[in-house]
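One structure is given below, encoded as structure tokens.
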Amino acid sequence: MLSILLPTDFSKNSMNAINYALEFFKYQKVQFYFMHAYRNEFYDHDDLVSREVFDEVLEKVKNESETNLKNLLKKANEIAPNPRYTYHSVSAYNTLVEEANEIVDKHNIDLIVMGTKGKSNDSHIVFGSQTFQVLKYVECPVLAIPSNYKNTQPKRILFPTDYLIPYKKRELKLLSVLARSYRSYIDVIYISTSNKLSIRQEDNQAFIKDALLVNKVNFSIKNSKKIAETIKSQIEEKEIDMITMVNTQHSFLEDMLFPSTIDKVSLGLEIPLLAMQNTTRN
168 MLSILLPTDF SKNSMNAINY ALEFFKYQKV QFYFMHAYRN EFYDHDDLVS
218 REVFDEVLEK VKNESETNLK NLLKKANEIA PNPRYTYHSV SAYNTLVEEA
268 NEIVDKHNID LIVMGTKGKS NDSHIVFGSQ TFQVLKYVEC PVLAIPSNYK
318 NTQPKRILFP TDYLIPYKKR ELKLLSVLAR SYRSYIDVIY ISTSNKLSIR
368 QEDNQAFIKD ALLVNKVNFS IKNSKKIAET IKSQIEEKEI DMITMVNTQH
418 SFLEDMLFPS TIDKVSLGLE IPLLAMQNTT RN
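Here it is in structure tokens:
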């Protein structure tokens, strides 16, 4: 059974990610946790004009959060009355990152699914600030769904790697399960100016091969210095439906997602991103 966290701000984009998750995992037994963290919304509330109305506004925001979550669960049951699914809701006076980390630990969450953007929906950025924070600071794999993206049956998944990271079996198993559901083809690509792997790289490649043994996997090497450009071209040439990368310091994903500011993201993703955090968890 999978445990999946669905953070929401009740926006159109977060609802699209929820719809994606409910359709994508329809063949799996899943515990879904719908979560709304409202601390920032409270402090930004128009009615919070003085300390005197602090408790009154907090109660109002709390009630709105709980009501919206109740309606969301009702809608989810209507959209996906799946006997394999179990639904839970969490309304919390907390920040998104702090609450997400608490739920991840408490319920041993396997995956977070959320939209790449929230209410702001700024067309000039790839990831909204909330998604950016979760990708960077929450110790759990994240499946980020672009606005209006509907294809829930990925045929090809791109997995760029430098083979320098000793991957975690739990996260590779998650990738294997996601790919196996739709018989997806996994393209593992090493982008480098050298075709030779070190002993460490060979061992890490062998570990990936073993973890994805039941999947259809192709291993290839692309001779290039331009990581982002090569990944983009592979997405187009191979008609990739999903990309997975490991988010660690000095990784491909960090270089492309966090070069300076969110507005300068160099990889303009239009397909879902599965970001594996490569953290050791039970």
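Quick note on numbering: this note's numbering labels position 200 of the sequence shown as 367, and the sequence is numbered without any gaps. Beta carbons are placed, not taken as given, at the ideal position from N, Cα and C, and that holds for glycine. Bear in mind that the values here come from a model prediction, so they are computed numbers and not experimental data.
Please classify residue i: does DSSP put it in a helix, a strand, or coil?
i           : result
residue 251 : coil
residue 320 : coil
residue 292 : Reliability of the predicted coordinates at residue 292 is poor, the pLDDT of 43 falling under 50, and no value is obtained from them.
residue 280 : strand
residue 443 : strand
residue 377 : helix
residue 370 : helix
residue 339 : helix
residue 348 : helix
residue 383 : strand
residue 412 : strand
residue 198 : strand
Assuming contact is defined by CB atoms lying nearer than 9 Å, are residue i and residue j in contact in what I supplied?
i           : j           : result
residue 351 : residue 278 : no
residue 347 : residue 382 : yes
residue 114 : residue 312 : What the structure shows of the chain is the stretch from 168 to 449, and residue 114 is not part of that stretch, so it cannot be assessed.
residue 329 : residue 401 : no
residue 310 : residue 280 : yes
residue 261 : residue 204 : yes
residue 326 : residue 411 : yes
residue 211 : residue 227 : no
Based on Cα-Cα distance, which residue from the options lies nearest to residue i?
i           : options            : result
residue 154 : 268, 208, 237, 276 : With the chain covering only 168 through 449, there is no way to say anything about residue 154.
residue 161 : 342, 230, 247      : Beyond the ends of the chain as shown, which are 168 and 449, falls residue 161; an answer cannot be given.
residue 274 : 378, 307, 367      : 307
residue 316 : 331, 413, 176, 191 : 191
residue 397 : 360, 365, 367      : 360
residue 333 : 319, 413, 217, 238 : 413
residue 392 : 234, 358, 224      : 358
residue 409 : 369, 395, 320      : 320
residue 186 : 365, 223, 239, 230 : 239
residue 234 : 384, 267, 177      : 177
For this session: Go through the segment 207-273 residue by residue and report every complete run of the alpha helix (DSSP H) that reaches 4 residues or more, in order.
Result: 221-246
For this session: Determine, using beta-carbon pairs with one atom in the segment 190-208 and one in the segment 254-262, whether at least three such pairs fall under 8 Å.
Result: yes
Exercise. For the 8 Å Cβ check, are there 3 or more pairs between the segment 368-379 and the segment 404-415?
Worked result: no
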